[in-house]
Amino acid sequence: MRRLVLASQSPRRRELLESAGFAFTVSPLQISEIPDENLNLTDQVRDIAVRKATEWLRHAKPSEKHGILLLTSDTVVVLGDTLLGKPKDQFENMSFLRQLSGQIHEVITAVCLVEGETGDLVVGHDVARIKFRNLSAEEMQAYVSSENGLDKAGGYGIQSEAGKFVEKLDGSFDTVMGLPVSLVEKLIEEKGWKVERRHSGNKI
């Protein structure tokens, strides 16, 4: 039985894991999320998720790796051939929203799971497609001024006021929020790992 460790500061990822009934601890690690432009967009996201896991394990003490299954994740918004990460300021946040207004874009979330003691690793990703309605200058400015989008890929959070911007969603809401829980469960099951669950202590 392994204990899940979420290496992320994202409150949204914590909420999703809690809702799915996982027992886990949170142990975030700051690393550079600059993508490797030699890779295609999907592989860039997968690569960052793997790098997060690799760095966490490199810094961890042997005792911290014992009996754990490490979970890392990365999310980006892709508009055409352009990757939109987290905006560095309100000005860039406004630029992102102007680009997304009235357009279809993709949200890619990659997930990496690593067994702490053996380094056995699996990575996967999920893609959702979103169509934004045409946004007015006033509502974009109001959202940017709230600063709710500064810590989110693409400069918006679908679970916040920006949910009103969405005209159509094809795919998983969890993927857009930053952690496709069904993919996490699928990868764990495929590897035959047993992890702690809350309440009943069930295995998956």
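Just so you know, my numbering puts 69 at position 6 of the sequence shown, and the rest follows in order with no gaps. Here a beta-carbon is modelled for each residue, glycine too, at the ideal position from N, C-alpha and C.
- Counting along the chain, the unbroken beta strand (DSSP E) around residue 89 starts and ends at 87-89.
- For residue 195, the closest alpha carbon among the candidates 183, 242, 142 is that of 142.
- In this structure, the beta-carbon distance from residue 162 to residue 207 does not fall below 8 Å.
- 71 is the residue among 71, 218, 198, 214 whose C-alpha sits nearest the C-alpha of residue 134.
- Note: residue 187 is bridge-paired with 174 in the DSSP secondary-structure output.
- With contacts defined by Cβ atoms closer than 8 Å, residue 97 and residue 118 do not form a contacting pair.
- When Cβ pairs closer than 8 Å are counted between the two stretches, the region 175-195 is seen to touch the region 229-249, the count reaching three or more.
- According to the DSSP secondary-structure assignment, residue 209 is paired through a beta bridge with no residue.
- The C-beta separation of residue 132 from residue 258 comes to about 6 Å, placing the pair in contact by the 8 Å criterion.
- Shown here for residue 148: same chain residues with a beta carbon closer than 7 Å to its own, the five before and five after excluded, namely 96, 139, 216 in chain order.
- Counting along the chain, the unbroken beta strand (DSSP E) around residue 141 starts and ends at 131-142.
- Here the C-alpha atom of residue 83 lies approximately 18 Å from the C-alpha atom of residue 253.
- For residue 165 against residue 197, the beta-carbon gap comes to about 4 Å, under 8 Å, which counts as contact.
- With contacts defined by Cβ atoms closer than 8 Å, residue 156 and residue 226 do not form a contacting pair.
- Secondary structure within the region 195-253: the beta strand (DSSP E) runs of 3 or more consecutive residues, fully enclosed, are 229-233 (chain order).
- Distances from the CA of residue 179 to each of 79, 81, 75, 256 were compared; the closest alpha carbon is that of 256.
- Residue pairing for residue 145: DSSP places it in a beta bridge opposite 142.
- Around the beta-carbon of residue 124, fewer than 16 other beta-carbon atoms lie within 10 Å, marking it exposed.
- Residue 122 sits exposed, since fewer than 16 C-beta atoms from the chains shown fall within 10 Å of its C-beta.
- Note on residue 261: under 16 other CB atoms within 10 angstroms of its CB, so exposed under the neighbour-count rule.
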